[in-house]
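Visitor: Dropping the structure in here first, questions after.
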């Protein structure tokens, strides 16, 4: 059954009955970090007149559009006999249960009990379906998944990347939705920079690249760690919060910021957003690549990714669309396939975490793990949404210079 930990996973855990599922993973975190806005599907995946079932954070949701095309998100169970509402249909802009015909609007209110035409207002209220705060923005349908009594949903405009709020100034191109057979924490582990020059050498680093990663905890003194034949270097410096990788396939020793064909920087934001800031060579437009990693259940993760540029003219948008289709999209799809396979072969979350051996270069991944665990534990103990120093998604001003 989905959402139930198999016995073998419990046996691997070093604290079966304690607060941790496994080392560094508070029990419950394996299902996802609640009390945040999540994209649940792309707008084009939600047709008018048809409910769509989707699982997020180990909860079954049903999404549908009302008569005005506005999406609503409900718990995918009818309060009457607990059958899936997603097996019903949309009628007159309302969701009708396939079993006995109860109807619900986008707020979850029961508007009709067809076999009880004299149902009182109290009976209709008793039949209310559980609903989720919902919004449609930037080509995605979003839902706030959590305890709205303790953690009221903040305005979604304060929680999404800036470029999605200004379609008049920016253009973004979405890639197909992906579903990976891996726990979301294993997927996020792929955010480290150090695997890139090995796993993505062919798909990404066919030219000189420097990867810049934002470091909210402060930078370290510059270090150069040669890899293989010294053509690939791991770089850390206190300048601009830089952390990352320099690659020169011609064997030249690179200085960060000089002689590079591309500069790339990465930042992680709760609950699961990875932003890559790319500044190509001078004659190419800088852009940002975003990746939302959404837990489905213990074993699966849904991923939404897009690339965005500043573009305020039809000509610029058309040119960027061609560039995205011919260059950026194929590269991102190849990279995604490589990362997906590594997440799959990592196996079970508990077994992986219980047996891994970490080294110094894993410090960035460890910081991300600690931030996720701290946010989860803060919600359990202090009633906080997340640590107070949680940065917002990398603003467009960092990506698109005026």
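Numbering (this note's numbering), first residue to last: 1 to 402. For every residue, glycine included, the Cβ atom is placed at its ideal position computed from N, Cα and C.
Hey, out of 92, 74, 93, 80, whose CA is closest to residue 86's CA?
Guide: Of the candidates 92, 74, 93, 80, the one whose C-alpha sits nearest the C-alpha of residue 86 is 74.
Visitor: So, are the CB atoms of residue 294 and residue 305 less than 8 Å apart?
Guide: No, the Cβ-Cβ distance between residue 294 and residue 305 is not below 8 Å.
Visitor: Out of 81, 99, 82, 80, state which residue places its alpha-carbon closest to the alpha-carbon of residue 89.
Guide: Comparing Cα positions, the closest option is 99.
Visitor: Excluding five sequence neighbours on each side, which residues of the same chain lie with their C-beta closer than 7 Å to the C-beta of residue 109?
Guide: Contacts found: 128.
Visitor: Would you report the Cα separation of residue 369 and residue 353, rounded to the nearest angstrom?
Guide: Their Cα atoms are separated by approximately 11 Å.
Visitor: When you compare each of 93, 190, 31 to residue 50 by their alpha carbons, which one comes out closest?
Guide: Closest option to residue 50, Cα to Cα, is 93.
Visitor: Using 8 Å as the threshold, is the C-beta distance between residue 46 and residue 141 below it?
Guide: Yes, the pair counts as a contact, with Cβ atoms nearer than the cut-off.
Visitor: Within 10 angstroms of its Cβ, does residue 271 collect 16 or more other Cβ (buried), or is it exposed?
Guide: Buried: at least 16 other Cβ atoms inside 10 Å.
Visitor: Are the C-beta of residue 287 and some C-beta of chain C separated by less than 8 Å?
Guide: Checking the listed chains, one finds no chain C in this structure; it contains a single protein chain.
Visitor: Round the Cβ separation of residue 357 and residue 55 to the nearest angstrom and send it over; I've been treating them as touching at under 8 Å.
Guide: At roughly 33 Å, the Cβ-Cβ gap does not stay under 8 Å, so residue 357 and residue 55 are not in contact.
Visitor: Is residue 23 near the ligand SAH - that is, is its Cβ less than 7 Å away from at least one heavy atom of it?
Guide: By its list of ligands, the structure shown contains no ligand whatsoever, and the ligand SAH lies outside what it can speak to.
Visitor: Report the start-end ranges of each alpha helix (DSSP H) in the stretch 68-154 that is 4 residues or longer and not cut off at the edges.
Guide: The qualifying runs are 121-126.
Visitor: Quick one, which of 269, 307, 156, 64 has its alpha-carbon nearest residue 107's?
Guide: Considering only alpha carbons, the answer is 64.
Visitor: In whole angstroms, what separates the C-alpha of residue 67 from that of residue 95?
Guide: Roughly 11 Å between the two C-alpha positions.
Visitor: According to DSSP, what are the bridge partners of residue 275?
Guide: Bridge partners of residue 275: 267, 290.
Visitor: Under the three-state reduction of DSSP, which class applies to residue 308: helix, strand or coil?
Guide: It is a strand residue.
Visitor: Is the beta carbon of residue 33 closer than 8 Å to that of residue 366?
Guide: Not in contact: residue 366 and residue 33 (Cβ atoms no closer than 8 Å).
Visitor: Between residue 114 and residue 122, is the Cβ-Cβ spacing less than 8 Å?
Guide: Against a cut-off of 8 Å, the Cβ pair of residue 122 and residue 114 comes out as no contact.
Visitor: I want to know whether the stretch 176-194 touches the stretch 26-44 - three or more CB-CB distances under 8 Å.
Guide: Yes, they touch.
Visitor: CB-CB under 8 Å to residue 116, same chain, minus the five flanking residues each way: which ones, in chain order?
Guide: Contacts found: 123.
Visitor: Closest to residue 375 by CA distance: which of 173, 69, 26, 22 is it?
Guide: That would be 26, whose Cα lies nearest to the Cα of residue 375.
Visitor: Within 10 angstroms of its Cβ, does residue 23 collect 16 or more other Cβ (buried), or is it exposed?
Guide: Classification of residue 23: exposed, given that the 10 Å Cβ count is below 16.
Visitor: What separation, rounded to the nearest whole angstrom, lies between the Cα atoms of residue 290 and residue 307?
Guide: Near 6 Å, if we compare the C-alpha coordinates of residue 307 and residue 290.
Visitor: Please state the DSSP three-state secondary structure of residue 20.
Guide: Looking at residue 20 - three-state DSSP - the assignment turns out to be strand.
Visitor: Please go through the same chain and pick out, in chain order, the residues whose beta-carbon is closer than 6 Å to the beta-carbon of residue 311, but skip the five residues on each side of it.
Guide: So the qualifying residues of the chain are 171, 317, 320.
Visitor: Can you pull the DSSP bridge partners for residue 36?
Guide: Looking at the DSSP assignment, residue 36 forms a beta bridge with 145.
Visitor: May I have the straight-line CA-CA distance separating residue 57 from residue 327, to the nearest angstrom?
Guide: Taking the straight line from one Cα to the other gives about 33 Å.
Visitor: State the start and end residues of the unbroken beta strand (DSSP E) segment that holds residue 54.
Guide: From DSSP, the beta strand (DSSP E) with residue 54 extends over 52-56.
Visitor: With which residues is residue 303 paired in a DSSP beta bridge?
Guide: Paired residue(s): 178, 293.
Visitor: Which of the three DSSP states, helix, strand or coil, is assigned to residue 60?
Guide: It is a strand residue.
Visitor: Taking the straight line between their C-alpha atoms, what separation do you get for residue 111 and residue 125?
Guide: Each residue's Cα considered, the two are about 9 Å apart.
Visitor: Could you pull the start and end residues of the alpha helix (DSSP H) that residue 324 belongs to?
Guide: Note, residue 324: premise wrong, no alpha helix (DSSP H); not H, not E.
Visitor: What first and last residue would you give for the alpha helix (DSSP H) that runs through residue 355?
Guide: Looking at the DSSP string, the run of the alpha helix (DSSP H) that includes residue 355 is 349-355.
Visitor: Who are the Cβ neighbours of residue 342 in its own chain at under 8 Å, not counting the five residues just before and after it?
Guide: Hits under 8 Å: 190, 195, 199.
Visitor: Which residue's Cα is closest to the Cα of residue 157: 84, 138, 315, 61?
Guide: Comparing Cα positions, the closest option is 138.
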